[in-house]
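In what follows, a single structure is set out as structure tokens and then discussed.
Protein chains: 2
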Amino acid sequence: MTVTQQASAHGTERGLPRLSRTEMKAVGQVRKRGPLSRTAIAELLDTSRASVTSIVGNLMEMNVLTEVGHGKSDGGRRPRLLDINAGLGFIAGVDIGATSVDLALADFRGEILERRSDVADVRTAPDQLLNTINDMVSEMLNQHGADDSHLLGIGMGVPGPVHFPTGVLIRPPLMPAWEGFPIKDFLRDRFPNARPVVDNDVNIMALGEASVGGGVGLDNFFYIKIGTGIGCGIIVDGEIYRGSDGCAGDVGHICVDYNGPICHCGNAGCLEFMAAGPAMAEKARLAAKNGEGKLLAKALKDKDGQLTSVDVGEAAAAGDQAANKIIEESGRMIGGVLAGLVNFYNPKAIFIGGGVSNIGHQFLSTIRQATLRRATALSTRSLQIDYSKLGSDAGVHGAIWLAIENTFALA
Amino acid sequence: MTVTQQASAHGTERGLPRLSRTEMKAVGQVRKRGPLSRTAIAELLDTSRASVTSIVGNLMEMNVLTEVGHGKSDGGRRPRLLDINAGLGFIAGVDIGATSVDLALADFRGEILERRSDVADVRTAPDQLLNTINDMVSEMLNQHGADDSHLLGIGMGVPGPVHFPTGVLIRPPLMPAWEGFPIKDFLRDRFPNARPVVDNDVNIMALGEASVGGGVGLDNFFYIKIGTGIGCGIIVDGEIYRGSDGCAGDVGHICVDYNGPICHCGNAGCLEFMAAGPAMAEKARLAAKNGEGKLLAKALKDKDGQLTSVDVGEAAAAGDQAANKIIEESGRMIGGVLAGLVNFYNPKAIFIGGGVSNIGHQFLSTIRQATLRRATALSTRSLQIDYSKLGSDAGVHGAIWLAIENTFALA
């Protein structure tokens, strides 16, 4: 049966069948550890082989699990392996950035079937932007012979603080019009069989890194997004750590200079105000104006007075000393803050993403040096610091992963 | 049967009976949630009432669980409640500080039966100090009519980085002679039926706070110990978070001033070098010498040139302005670092312990103000910052709790 036929067959049942707690646990293990034999599932669930045979039987009847071949023999017959039925239905992953939106349609194993990106302005009214997004999701479903009723899960990352249980934004500085907007209800109106889940964008990216990126198999790490702002997604025991009010990871407002300039949050010397993309661009503009960076001055002229951190990276790579200095200053400030967080949290890895991660290797190596120089020897002896492996795909992968998790958890 | 009789009966069996995984899970739930009915255990374990009846039967036969009265009726007969058999044996909790050692003997529900404190110098050879500690534990056992064979668990906190699985100290700055010393083997030689567990002192204190202090029922918080150094124990989901190399919480070496004085770790401007007890005492000595603090000068004279942070607290409480300033400087530096950690980790609470927490309320209120002023509004809206409820008992409570956990986990 193809993905589409399977999905259609299920769409008529209006969403996923209800699973018992034990069935959910079995599905969770298969999702996490890939194809598994019945014996392996029994061991992981600490239950009898007979009981697992019955559980798996039910799950196969409901089309949730499917046999996908044979594993290695332990002496007897080679065991049949079970995996999630990819064709169970469709999942959408959406990553809303300040100025763009990334979307993907995936199957139930998290394989991406379709991918879209578009410019978008989060300052527009939520219903307007969400309608545009919903139209793109519908279009991707149509490409696969399916309609809105075939979408069973949708995960969405947004650039602001989210009250996770309700999926509502709380005082979002970049998108004030979204405050309190019932995103989940709006999505459900369009996709009646889809269980929606909404989270902060950096959490979604960290989860993407954990599920299919550099963080696979790591118990704890963090993902730093450096763009217009600076945010952090924290993974503890393979799961997103949200903190007691759901706002863990807000590292952009950690102080790097008590006598520094006043950030839009009202405090002095916040990391993101001094080191993120806009600060780099503004320093570059000033350097160009003051005749300190020839290549920066040329870029400023070519681009009608608008510079970005990527322009700074290009000028630095071409040998512009002023651009070099700007990158090193940002890298040192970020590394200094990361060093403190490494001492506190002792992660296995730090992955760096966001727009500013596209400005070249010098930025990464400055961050690395500053972090390693300031953190304790013990906490850095096996620490990995790298750019995200997934780049701009981290968000949609994480959104898909969270949506699948959420779909099974609530089924 | 009294505690002692019960323990004696068991001592002859050389330690705890072996438990199955399901039995361990049942015991774990009873430990965590206090007396429970069989029905409640069945629900928590997601298993049948019949299966729990058999599990509980075994555990009662092995004297691990005992009936302790009746719970509320749900309409039918009032259910009998089960709790850990307090008299199963004895547990020792040991908290080694830089200059003192705290010990307690407890039953299997964590109730303290005997308590000891003594001066101790961690720079002495490990076998020497451990022998002194072991003698004190033996003495407490004797007070309860028991001998060394009746001790079934021993938990120990030490002021240095610990490789948790082996219980061995790694490059401990305060106690270099202990590097690599097999503490667990040494304890087992004396107490053949006791399962030993060794952890960093601040982790133990955080666990004490989580199990019987201000952190009961809180999912996530941190415990800051401010004394000779500054360390942090992190609780995530009610458990100690150790990080990927076991050294999470090393906040004493977070930088507060890149141009500050060089710490013994080799870096400039570390928090503990600038704000902990010794820094406060040294500032007080200088202020007294320079005629800035009259009360400090008097204290310096009375104490033969030796001041501590407690003297600073007393002088401040009596109105000495120089002492006040010293406390505020330390409090502000600590609060500034905590603000960053609050943004990152969004804890429900911060508990402050260690010797410097005895210098009075002004220190706490300065830390509070500095933290709340710098952290984001969202992350502090339900944040509690307080001195530890357990004071100098936090360590022994945590050590006992960890020892009981460890005893059942390995049984």
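Going line by line, the protein sequences match chains A and B. Sequential numbering from 1 applies to the first sequence in this note's numbering. Sequential numbering from 1001 applies to the second sequence in this note's numbering. We put the CB at the ideal spot given by N, CA and C, even for glycine.
Non-local beta-carbon contacts of residue 379/A in its own chain, meaning distances under 8 Å to residues more than five positions away in sequence, involve 342, 343 and 346 in chain order.
Shown here, residue 55/A sits in a helix according to DSSP, grouped into three states.
Inter-segment contact for the stretch 1197 to 1216 of chain B and the stretch 1131 to 1138 of chain B is absent: fewer than three beta-carbon pairs are separated by less than 8 Å. Collapsing the DSSP output to three states places residue 1020/B in coil. With respect to chain B, the C-beta atom of residue 368/A has no partner C-beta closer than 9 Å. Under the rule that a run must span 3 or more residues, the beta strand (DSSP E) segments found entirely inside the stretch 1083 to 1140 of chain B read 1090 to 1096, 1100 to 1106 and 1112 to 1119. Secondary structure at residue 1345/B: helix, using DSSP grouped into helix, strand and coil. Rounded to whole angstroms, the gap between the alpha carbons of residue 1247/B and residue 1352/B is 19 Å. One alpha carbon belongs to residue 1122/B, the other to residue 1173/B, and they sit about 11 Å apart.
Excluding five sequence positions before and after residue 116/A, the CB atoms of its chain that fall closer than 7 Å to its own CB belong to 103, 136 and 140, given in chain order. The beta carbons of residue 366/A and residue 328/A sit about 5 Å from each other, so the pair counts as a contact at 8 Å. Fewer than three Cβ pairs drawn from the stretch 1024 to 1041 of chain B and the stretch 1156 to 1173 of chain B lie within less than 8 Å of each other, which leaves the two stretches out of contact. Distance from residue 1402/B to residue 1147/B at the Cβ level is roughly 24 Å; contact not present, criterion being Cβ atoms closer than 8 Å. The Cβ of residue 259/A sits no closer than 9 Å to any Cβ of chain B. For secondary structure counted as the alpha helix (DSSP H) over 4 or more consecutive residues, the stretch 1208 to 1276 of chain B holds these complete runs in sequence order: 1271 to 1275. Residues 1049 and 1052 of the same chain have their beta carbon placed closer than 6 Å to that of residue 1042/B, with the five preceding and five following residues left out of the count.
A straight-line Cα-Cα distance of about 13 Å links residue 192/A and residue 89/A.
Any Cβ of chain B closer than 9 Å to the Cβ of residue 264/A would place that residue at the interface, and such an atom is absent. By the rule that beta-carbons nearer than 9 Å mark a contact, residue 1365/B does not touch chain A. Around the C-beta of residue 1074/B, fewer than 16 other C-beta atoms lie within 10 Å, and the residue is accordingly described as exposed. Residue 290/A counts as exposed, since fewer than 16 other beta carbons sit within 10 angstroms of its beta carbon. Counting along the chain, residue 1183/B sits inside the alpha helix (DSSP H) bounded by residues 1183 to 1190. At least 9 Å separates the beta-carbon of residue 234/A from that of residue 252/A. Runs of the alpha helix (DSSP H) lying entirely within the stretch 280 to 324 of chain A, each at least 4 residues long, are 294 to 302 and 309 to 317 in chain order. Considering only 409/A, 372/A, 283/A and 245/A, the residue with the shortest C-alpha distance to residue 1376/B is 245/A. In the DSSP assignment, the residues bridged to residue 351/A are 223/A and 386/A.
For residue 1267/B, the nearest beta carbon of chain A is closer than 9 Å to its own beta carbon. DSSP places residue 1154/B inside the beta strand (DSSP E), whose first and last residues are 1151 to 1158.
For residue 187/A, the closest Cβ of chain B is not nearer than 9 Å. DSSP places residue 374/A inside the alpha helix (DSSP H), whose first and last residues are 361 to 374.
If you compare the alpha carbons of 349/A, 256/A and 45/A with that of residue 1021/B, the shortest gap goes to 45/A. With a cutoff of 9 Å on beta-carbon distance, residue 271/A and residue 334/A are scored as near each other.
In the three-state scheme derived from DSSP, where H, G and I count as helix and E and B as strand, residue 80/A is classed as strand.
At a C-beta separation below 9 Å, residue 181/A has no neighbours in chain B, since its nearest C-beta there lies roughly 18 Å away.
For residue 161/A, same chain residues with a beta-carbon under 6 Å away, outside a window of 5 residues either side, are 170 and 247 in chain order.
Per DSSP, reduced to three states, the secondary structure at residue 1172/B is coil, with no helix or strand assignment.
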